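Residue numbers (the numbering used here): 1 to 552. Where is the CB? At the ideal position from N, CA and C, for every residue including glycine. Given the structure is predicted, the values throughout are model-derived calculations rather than measurements.
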Amino acid sequence: MNLGWWWRLFAGALAGFLFFHGFAATETAPNYSFMYDATSASTLSYYDYIIVGGGTAGCPLAATLSQNATVLLLERGGSPYGNPNITKMASFGAALSDLSQSSPSQRFISEDGVINARARVLGGGSCINAGFYTRASDEYIKQAGWDGRLVKESYQWMEKSVAFEPSLGQWQSAVRDGLLEAGVMPSNGFTYDHIYGTKVGGTIFDQQGNRHTAADLLEYANPSGLTVFLHASVHKILFAIKVSMAGKRRPKAHGVVFRDTTGAKHKAYLKQGSKNEIIVSAGALGSPQLLMLSGVGPAQHLKSHDITVVLDQPLVGQGMSDNPMNAVFIPSPLPVEVSLIQVVGITHFGSYIEAASGENFAGGASSSPAVEYMNNLDETTFRGGFILEKVMGPISTGHLELRTRNPNDNPSVTFNYFKDPQDLQRCVQGIQTIEKIIESKAFFRFRYEFLSWPILLNMTANAPLNLLPKHYNPSMPLEVFCKDTVMTIWHYHGGCQVGKVVDLDYKVLGVDALRVIDGSTFNDSPGTNPQATVMMLGRYMGVKILSERIAN
Numbered sequence: 001m002n003l004g005w006w007w008r009l010f011a012g013a014l015a016g017f018l019f020f021h022g023f024a025a026t027e028t029a030p031n032y033s034f035m036y037d038a039t040s041a042s043t044l045s046y047y048d049y050i051i052v053g054g055g056t057a058g059c060p061l062a063a064t065l066s067q068n069a070t071v072l073l074l075e076r077g078g079s080p081y082g083n084p085n086i087t088k089m090a091s092f093g094a095a096l097s098d099l100s101q102s103s104p105s106q107r108f109i110s111e112d113g114v115i116n117a118r119a120r121v122l123g124g125g126s127c128i129n130a131g132f133y134t135r136a137s138d139e140y141i142k143q144a145g146w147d148g149r150l151v152k153e154s155y156q157w158m159e160k161s162v163a164f165e166p167s168l169g170q171w172q173s174a175v176r177d178g179l180l181e182a183g184v185m186p187s188n189g190f191t192y193d194h195i196y197g198t199k200v201g202g203t204i205f206d207q208q209g210n211r212h213t214a215a216d217l218l219e220y221a222n223p224s225g226l227t228v229f230l231h232a233s234v235h236k237i238l239f240a241i242k243v244s245m246a247g248k249r250r251p252k253a254h255g256v257v258f259r260d261t262t263g264a265k266h267k268a269y270l271k272q273g274s275k276n277e278i279i280v281s282a283g284a285l286g287s288p289q290l291l292m293l294s295g296v297g298p299a300q301h302l303k304s305h306d307i308t309v310v311l312d313q314p315l316v317g318q319g320m321s322d323n324p325m326n327a328v329f330i331p332s333p334l335p336v337e338v339s340l341i342q343v344v345g346i347t348h349f350g351s352y353i354e355a356a357s358g359e360n361f362a363g364g365a366s367s368s369p370a371v372e373y374m375n376n377l378d379e380t381t382f383r384g385g386f387i388l389e390k391v392m393g394p395i396s397t398g399h400l401e402l403r404t405r406n407p408n409d410n411p412s413v414t415f416n417y418f419k420d421p422q423d424l425q426r427c428v429q430g431i432q433t434i435e436k437i438i439e440s441k442a443f444f445r446f447r448y449e450f451l452s453w454p455i456l457l458n459m460t461a462n463a464p465l466n467l468l469p470k471h472y473n474p475s476m477p478l479e480v481f482c483k484d485t486v487m488t489i490w491h492y493h494g495g496c497q498v499g500k501v502v503d504l505d506y507k508v509l510g511v512d513a514l515r516v517i518d519g520s521t522f523n524d525s526p527g528t529n530p531q532a533t534v535m536m537l538g539r540y541m542g543v544k545i546l547s548e549r550i551a552n
């Protein structure tokens with residue numbers, strides 16, 4: 001009797017049950033019984049799934065897979081819990097400014113001269129970002145080939161734990177009303193959805209200013225099915241070579257090598273089973289970097305680093321993009337609330353307008369020179385906020401290459417900001433919209449009359465926001481301002497893109513038992529801010545993989 005249909009029916013029913021009923025939180029953060037330092041790991045171990053990277057995608061993915069499999073989650077950083085620089089909104093930026101080896105943030109400088117950061121902590125970017133929570137657009141979901149119902153249910157699964165409606169203060173309210181005056185219509189109120197117009201989005205900070213991260217989603221893990229090792233740096237994915245009847249050779253991932261903080265080497269292997277896999281969720285820098293270090297990437301580049309080529313895949317590390325962000329600082333004659341991103345204007349021309357205010361935003365500046373500059377300002381000058389614009393997409397792309405064979409070192413990355421003229425035009429239109437907000441009646445009381453628009457632009461252009469040479473003065477076009485003052489908003493992506501490095505199921509092309517599930521697979525950044533969709537993808541793919549595991 002063929003029971004395949006029955007198993008498929010059962011798997012579908014299980015998936016439905018998981019969504020409509022969810023997992024009961026069996027443990028409460030930070031007291032996870034399954035979380036250890038990697039120094040306590042055995043030299044040899046076996047699991048159904050090995051996930052590299054306990055970040056924004058890796059945590060919900062691990063929590064989901066642990067319900068019906070044994071899962072090893074390897075995170076190179078430490079725990080986010082007990083660190084006020086992570087957990088408190090009022091301390092936002094402190095982690096980004098911390099350049100120590102134990103920092104949850106690892107600074108890197110792109111070849112473009114823009115100072116940036118990557119996460120090095122359980123929970124990933126959700127531990128160090130500005131907290132804005134918003135979904136991808138319906139169009140984005142359709143283009144990605146995702147199941148719309150499953151996507152919605154995956155978002156909802158997370159939102160009950162990590163997403164909140166913010167309380168708007170006077171500054172954010174003025175920005176919202178100024179956006180409407182500037183013509184970014186209609187007013188969409190509070191919503192997680194991506195809709196043209198002006199809206200109040202969600203936040204991962206609760207009403208008490210406490211951050212809730214992807215690491216909190218591990219509360220829904222099956223404790224007996226999950227092992228998390230912190231400070232576990234994965235150096236290499238191990239492959240076996242399968243030879244077909246026709247004599248074709250095909251690599252199959254079957255283990256990883258990782259080291260703890262003492263340098264001791266550990267090996268973890270997949271258990272026997274056709275459905276068992278290694279899943280890389282190490283982020284837009286870490287995932288292509290690890291594939292290359294493991295021998296999957298451009299052959300000539302790998303050979304130049306004395307890496308044995310497992311699969312010549314020239315598209316690993318290609319398609320790197322970072323959404324350019326440009327901002328205008330507005331000193332305020334009135335005290336302003338401490339706020340991160342809460343309001344967004346979603347324009348039809350392809351720029352997103354957001355704002356932050358108060359004493360904490362300077363710590364989140366993308367460069368330590370900018371932090372020092374802000375810290376040297378007196379209290380009156382420092383009072384105020386930024387209104388920023390971020391270019392959607394973007395269209396401009398670059399590439400990533402290895403610098404060394406050490407996975408803890410940053411790779412070399414080039415984003416080619418504004419290489420495509422449409423990205424530059426979108427920035428110009430975004431800056432012009434910011435001018436309209438600042439000149440609006442709603443925003444009038446939060447600006448000094450004697451600080452004209454040209455003066456505000458010049459003040460921003462003269463701040464040490466990046467390592468690029470300065471050209472801008474008020475007589476020059478806004479295109480020069482955009483290029484001179486470009487910063488990051490930490491939404492970089494690409495390097496393992498769908499259709500190029502992985503298929504629609506996020507399986508690495510040309511390799512068996514290996515997937516990449518994180519923002520490195522994106523061709524464009526989803527929504528106005530990607531973290532909700534990265535978390536969703538971890539949950540979404542976890543349910544799909546479990547369903548496949550049970551059905552076959």
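Counting along the chain, no alpha helix (DSSP H) covers Phe522, and no H or E run does either.
Within the region 404 to 456, the complete beta strand (DSSP E) segments of 3 residues or longer fall at 412 to 414, listed in chain order. Per DSSP, Glu401 is not a residue of any alpha helix (DSSP H); the beta strand (DSSP E) it occupies stretches across Gly398 to Glu401. Taking the CA atoms as reference points, Val508 sits about 52 Å from Pro335. Between Tyr352 and Thr528, the CB-CB gap stays under 8 Å. By the beta-carbon neighbour count (other beta carbons within 10 angstroms, threshold 16), Glu277 is buried.
In this structure, Pro333 is the residue among Pro333, Ser396 and Ala355 with its C-alpha nearest to the C-alpha of Arg383.
Straight across, the Cα-Cα distance linking Leu180 with Leu238 is about 55 Å.
Taking 8 Å as the cut-off, the Cβ atoms of Tyr472 and Ala463 do not count as close. If only uninterrupted beta strand (DSSP E) runs of at least 3 residues are considered, none is enclosed by the region 136 to 184.
Within the same chain, Leu74, Val234, Val280 and Ala282 come within 6 Å of Val52 by CB-CB distance, once the 5 residues on both sides are set aside. DSSP places Ile51 within a strand segment (E or B) once states are collapsed to three. Considered as a whole, the region 455 to 487 harbours 478 to 484 as its complete alpha helix (DSSP H) runs of no fewer than 4 residues, in chain order. Less than 8 Å separates the beta-carbon of Gly209 from that of Met89. Separation of Val184 and His194 (C-alpha to C-alpha, rounded to the nearest whole angstrom) is 14 Å. Taken through DSSP and simplified to helix, strand or coil, Tyr46 comes out as strand.
By the neighbour-count criterion, in which 16 or more other beta carbons inside 10 Å mark a residue as buried, Tyr448 falls on the exposed side.
With contacts defined by Cβ atoms closer than 8 Å, Ser110 and Ala119 do not form a contacting pair.
Ranked by how close their Cα comes to the Cα of Val121, the residues Ala214, Gly77, Asn410 and Asp420 have Gly77 in first place. With 16 or more other Cβ atoms inside 10 Å of its own Cβ, Thr70 counts as buried. Around the beta carbon of Thr308, a 10 Å sphere encloses fewer than 16 other beta carbons of the protein chains shown; the residue is thus reported as exposed.
DSSP, read as helix, strand or coil, puts Lys303 in helix. Assigned with DSSP and collapsed to three states, Gln318 falls in strand.
Lys242 is bridged by DSSP to Arg250. Counting of Cβ neighbours within 10 angstroms places Val502 among the buried residues, the total reaching 16 or more. Judged by their CB atoms, Leu217 and Ser161 are nearer to each other than the 8 Å cut-off. Between Gly538 and Leu61, the C-beta gap is smaller than 8 Å, which places the two residues in contact. Glu435 is the residue among Phe446, Glu435 and Gln497 whose C-alpha sits nearest the C-alpha of Leu478. Thr198: member of the beta strand (DSSP E) spanning Gly197 to Val200, first to last residue. The beta carbons of Thr397 and Asn416 sit closer together than 8 Å. Contact fails between the region 139 to 152 and the region 95 to 103, because fewer than three Cβ pairs, one in each stretch, are under 8 Å apart.
DSSP places Ser547 inside the alpha helix (DSSP H), whose first and last residues are Gln531 to Ala551.
Burial check for Ser452: the Cβ neighbour count within 10 Å stays below 16, so the residue is exposed. When the beta-carbon positions are compared, Phe190 and Phe164 stay at least 8 Å from each other. Within the DSSP bridge table, the entry for Ala327 names Leu388 as partners. Per DSSP, the unbroken alpha helix (DSSP H) holding Gly58 starts and ends at Gly58 to Leu65.
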